[in-house]
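Protein chains in written order, with our numbering: chain W, 34 to 540; chain U, 97 to 462.
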C-alpha cells in the first residue's frame, strides 16, 4: 500500500505571479474554526491510535499539502519544508518495536521536491504517544543499523525534552482543500528528475538480523593471508538462468556516467577480492566509516570472498546504504579464459550469493510477513558485475554481457593498495579526477584489507567531496541519474594499460 | 614492536605478496597475524576436551557476539499458515557415512549405568522448532554454562539450526558442548510414516553438515591450522525423539542410521510456565543419580531454566557430581534402554497423536 500524490497538479499550467510558499499560509481557511473542531471530533481518527496510522496520516497531510496538520503531527517540523514538497511515495511502515507510549517503525519514503530534486529515506522512525494521539518528533528519523537507536529511543535516553507531550499541539482535522488548490510545482519538475535514488536492501532486516556487536567487526578481520583453498563446487544446473542466453547486443562496459543536469554525484566502489591460495579480509573500519557517514557505496565481491565471509556478504546485501555486485568466482583474468571458464566464474559467484541470500530467508528475522516482504527488496542475484583486474577481451565481454546486467568498471583508481598509497595521494587522485571529469566518477578502492590506508582516507575523501559539492551514491543510483559512458574495451586508466596482467594472471 | 614471526610464515606471505603489492601486504598481514598470535594466550581457559576448538570459537566471534542478547530468546509463533516453512534443506541426505549401532545402543535410552565411583550426569537441552514457529536461543542459559564450564548436550531441530546458523556454529565449535539431532520440524515419530520419519532424521543430519561446511569455509577458520576444524564433530552422534514418542520402525531407522535414541530420566518440566526455578532444582536433587540424563529447553520455550541452573549446579558439584556430554556418558557405561518411548512412564504420551498428529505444525488455530 502506498500513498501516491504524483501531483496531478504538476502538469497543470502554472498560474503566473503566485508565490508558491506564501499563498498557502495566507490562504483563508476554507472552514471556520468551529467547523474545524467539529470535524476533528468526528474524525478523531482511530488510525492515529496506532503509530503506523499516525505516520501514514502525516505523509497523507504532506502529500495533500495540508501543512498545518503535518506540522501538528510532527512537532518542530517547518511549514516551509513541507511546502517545498511536490509529491510523496510512502511504503507502508513496518512496526519494529513498541514499548508503552513509544514506538519505532521502519519506513521507506521517497519525496519529490518542488525544485526538481528527489530525496529518499529508508530507515527507522520513532513515535511518541501523548494521550491517544501519536506524534513524530522531528529529530527521531534514523537511517540504517538501528538496534542502538531503537533501544535508546524506547528507553527515552535520546530525548531532548521531557515536556514533549506538554508542547504537542492538538492535531487539526485532515483536509484535502489545499491539495486541489495548491499551485503547480516549479517547472523544473516537468523535466525528468536529475537523480533517482535506487535503493535495494532493508533497514528493517539490518536491524532485526544483526545487533551492533555483529556489525562492528574487528581489526583482525582485515588480514589477508595465504591459506589452503578448497576446490570450488560445480555450478548448479541452470537451464533457464541468466547465463543461458547468448548476448546479441553490443558488448560494452561502463566506466563513467554523465549525470542529467550535471547533478554532482559520484559512486564509491570497493572490491572484495579473494584469489586461490589466499584468504582475504573485511575492512571493518572502512565499512563502519561509510555507515557512520551515511555514505552510500557499492561493493564488488569475489564468490570466494562471499563464501569465506558469509555474514559480511549478507550484511552488505541487506544494508540499504550499500549494494553488492559480483567480481566473478576467484579473481581470474577473464581476458585469458575461454567462454566456458568465464561463465563458470560468474555462475559460481551467483550460486554463492543466492545460497547466502536463501540462508537469510530462513532466519527468524525474515520469517514473518514483514520479513518476507523486506526480503523481496534484496536482489536475488548480484545486480552488477565487474571484470577482475579491469581486464577483458571481446569474447569475455560478450560472454559477461549475457547476464544482461550492467558491467561496471571505474573511471578513477584510488591506488589504495600500492606501496605509495597514502591518504594525501588518494585525496590528490580524487580531486584531480573531479577536476578532469566532473560529476559521474566511478571510484574504485578495496575493502578486503589490501588497502592499509583506505579506511583512514575515507572521512577525508568524503569531506573533500562534500566541500566540492559532490555526494556519493550507489552505482545503481548513478546509472539511473544519467547516461553511462559505455566502452568496448577494459582498462585501468586508458586503453591497453593493463595488458601486463595477462602475463601475471593468465589461466 | 619487533616482529618475530616464524620464517615460514614470512616466506609464505612475501612469496604470495610479490604477485600484487609486495611490502604493503606483507606488513599488514604480519601486523594482524601478530595480533592473532597474541590473542589465544590471553584467553586460554581451554579444558582438555577432544571435541570442538576453542581457537575457532575465539577467532570467529567476539565475546559480545558469543554473549548474545536477551532478545535472542524471543519466540515467533506464526498464525498465518502461508508463512509456515516446510522447505527442505539445500541438501536432504547427509554425506557422512554412519555405521549401524551396536545392540546395546538400540532402543530408547533413559539413563546410563556407570561403573562404581563414576558420578557423571548428562545435562541436555532441546532446541525444538516446528514449521509453524521460529523459536529462540536462551543466551543467558548458555552464558551460564560457559562461565561455569558446565558440559552439556543440545538436541537441535534441523530447522532450528537453519534459522540459527551462527548459534549452531558456535555450539558445534565450542569444546564444552555437544550437538545432537532433534528431528527436522519436531515431528511426532510415533505417527509419521517411515518416509516422513526419514526426512525428519536425515534432513537434520544434512543441515548440520551444511553449517559445518559453512564454518570450515569461513575466513576465521581458514586462517587457523586445519587441525582446529578437524576436531569439530563431522556428524550429529545421537538423536532425541520429539514429544518423547517413537515406534519400533523409527527405532530401527535410527539404529540403521547409527544414531542412538537418547531420551531422559529426569524431567525438569520447564516448558510449563508455572514451574519455578526452585521446583526445577528440587526435582533434580530428588531424582539425581550417577548416569542420569536431564531434559530441559534452551530455545526460549523453557521457563526459569537459566535461573534454575545456579540453584542445582553448584550443589550437585558439591555432592561430587560432574557433567558429561551424552556421548561421553554412553561410552563410559551401559545404556539402560526400553523398547518404547514415554515422558515419565509408559503410556503417558498416548495423547500426542490425538493432539499434535504429525507434530510438525502447531495444531492451532483450530
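Backbone N, C-alpha and C define an ideal beta-carbon position, used for all residues, glycine too.
Could you tell me which of the options sits nearest to residue i, measuring between CA atoms?
i, options, result
"residue 96 of chain W", "W/115, W/108, W/392", "W/115"
"residue 446 of chain U", "U/286, U/185, U/188", "U/286"
"residue 439 of chain U", "U/225, U/365, U/245", "U/365"
"residue 362 of chain W", "W/84, W/448, W/452, W/265", "W/265"
"residue 178 of chain U", "W/370, W/258, W/402, W/259", "W/402"
"residue 144 of chain W", "W/129, W/277, W/118, W/160", "W/118"
"residue 382 of chain U", "U/361, U/258, U/394, U/433", "U/361"
"residue 239 of chain W", "W/155, W/511, W/147", "W/155"
"residue 326 of chain W", "W/186, W/450, W/354", "W/354"
"residue 227 of chain U", "U/244, U/174, U/311", "U/174"
"residue 394 of chain U", "U/317, U/457, U/253", "U/253"
"residue 263 of chain U", "W/488, W/463, W/344, W/364", "W/344"
Could you name the residues of the same chain whose beta carbon sits closer than 7 angstroms to that of residue i, not counting the 5 residues immediately before and after it, in chain order?
i, result
"residue 196 of chain U", "351, 352, 354"
"residue 168 of chain U", "232, 233, 235"
"residue 279 of chain W", "435"
"residue 146 of chain U", "327"
Which chain U residues are close to residue i, counting only those with a beta carbon under 7 angstroms from its beta carbon?
i, result
"residue 137 of chain W", "Ordered by position in chain U, no residue passes the 7 angstroms Cβ test against residue 137 of chain W, which lies about 14 angstroms from the chain."
"residue 244 of chain W", "165"
"residue 263 of chain W", "313"
Spatial neighbours of residue i within its chain, please: CB distance less than 6 angstroms, with the 5 preceding and 5 following residues excluded, ordered by chain position.
i, result
"residue 537 of chain W", "none"
"residue 284 of chain W", "430, 431, 434"
"residue 350 of chain W", "357, 411"
"residue 421 of chain U", "247, 249, 274"
"residue 255 of chain W", "314, 316, 482"
"residue 217 of chain U", "388, 417"
"residue 404 of chain U", "373, 376, 377"
"residue 420 of chain W", "367, 523"
"residue 172 of chain W", "none"
"residue 433 of chain U", "203, 204, 205"
"residue 140 of chain W", "126, 158"
"residue 72 of chain W", "Note that residue 72 of chain W has pLDDT 34, beneath the 50 cutoff, so the model's placement of it is unreliable and no number is given."
I'd like the list of long-range same chain contacts for residue i, defined as Cβ closer than 8 angstroms, with 5 residues on each side in sequence excluded.
i, result
"residue 508 of chain W", "300, 302, 331, 356, 358, 417, 439, 441, 475"
"residue 347 of chain W", "242, 389, 390, 392, 393"
"residue 426 of chain U", "201, 205, 208, 334, 356, 358"
"residue 530 of chain U", "Residue 530 of chain U lies beyond the residue range present for chain U, which begins at 97 and ends at 462; the question has no answer from this structure."
"residue 458 of chain W", "448"
"residue 128 of chain U", "Note that residue 128 of chain U has pLDDT 40, beneath the 50 cutoff, so the model's placement of it is unreliable and the number below is only indicative. Cβ neighbours of residue 128 of chain U beyond the five flanking positions: none."
"residue 428 of chain U", "208, 210, 211, 214, 216, 420"
"residue 282 of chain U", "224, 225, 226, 253, 338, 339, 455, 456"
Please list the partners that residue i has in chain W, where partner means a Cβ-to-Cβ separation under 8 angstroms.
i, result
"residue 201 of chain U", "Residues of chain W passing the Cβ test: none, with the nearest at roughly 32 angstroms."
"residue 39 of chain U", "The first residue shown for chain U is 97 and the last is 462, placing residue 39 of chain U beyond what the model contains."
List the residues of chain W whose Cβ lies closer than 9 angstroms to the Cβ of residue i, in chain order.
i, result
"residue 261 of chain U", "343, 344, 392, 395, 396"
"residue 324 of chain U", "Simply none; closest approach about 13 angstroms."
Residues of chain W with CB closer than 7 angstroms to the CB of residue i, please, in chain order.
i, result
"residue 330 of chain U", "Residues of chain W passing the Cβ test: none, with the nearest at roughly 15 angstroms."
"residue 161 of chain U", "246, 247"
"residue 310 of chain U", "343"
Starting from the beta carbon of residue i, find every residue of chain U whose beta carbon is closer than 8 angstroms, and list them in chain order.
i, result
"residue 251 of chain W", "158"
"residue 388 of chain W", "186"
Just the chain U side, please: which residues come within less than 9 angstroms of residue i by C-beta, in chain order?
i, result
"residue 234 of chain W", "The contacting residues do not exist; residue 234 of chain W stays about 20 angstroms from chain U at best."
"residue 260 of chain W", "315, 318, 319"
With hydrogens ignored, establish whether the beta-carbon of residue i is closer than 6 angstroms to any heavy atom of the ligand GDP.
i, result
"residue 332 of chain W", "By its list of ligands, the structure shown contains no ligand whatsoever, and the ligand GDP lies outside what it can speak to."
Mind listing which residues of the stretch 401 to 432 of chain W have their C-beta closer than 8 angstroms to chain U's C-betas, in chain order? 401, 402, 405
Every unbroken alpha helix (DSSP H) inside the stretch 280 to 357 of chain W [4 residues or more]: 317 to 325, 336 to 341, 343 to 351
Could you list the residues in the stretch 333 to 357 of chain W with a C-beta less than 8 angstroms from some C-beta on chain U, going in chain order? 340, 341, 342, 343, 344
If you measure beta-carbon to beta-carbon, which residues of the stretch 504 to 517 of chain W are closer than 9 angstroms to chain U? none
Taking only beta carbons into account, state which residues of the stretch 307 to 335 of chain W come closer than 9 angstroms to chain U, listed in chain order. 307, 308, 310, 311, 312, 313, 314, 315
Output needed in chain order: residues of the stretch 266 to 300 of chain W with a Cβ under 8 angstroms from some Cβ in chain U. none
Selection of the stretch 176 to 201 of chain U by Cβ proximity to chain W, strictly under 8 angstroms: 176, 179, 181, 183, 186
If you measure beta-carbon to beta-carbon, which residues of the stretch 454 to 484 of chain W are closer than 8 angstroms to chain U? 454, 482, 483
Using a Cβ-Cβ cut-off of less than 8 angstroms, give me the residues of the stretch 140 to 170 of chain W that come near chain U, in sequence order. none
Uninterrupted beta strand (DSSP E) stretches inside the stretch 330 to 403 of chain U (no shorter than 3 residues): 389 to 393
Jot down the residue ranges of each uninterrupted alpha helix (DSSP H) in the stretch 226 to 260 of chain W, minimum 4 residues, whole runs only, in chain order. 236 to 242, 245 to 249
Given a limit of 9 angstroms on CB to CB distance, which residues of the stretch 225 to 249 of chain U reach chain W? 229, 230, 231, 232
Which runs of the alpha helix (DSSP H) fall wholly inside the stretch 98 to 164 of chain W and span at least 4 residues, in chain order? 100 to 106, 112 to 116
Segments assigned beta strand (DSSP E), at least 3 residues, entirely inside the stretch 482 to 534 of chain W: 504 to 506, 515 to 520
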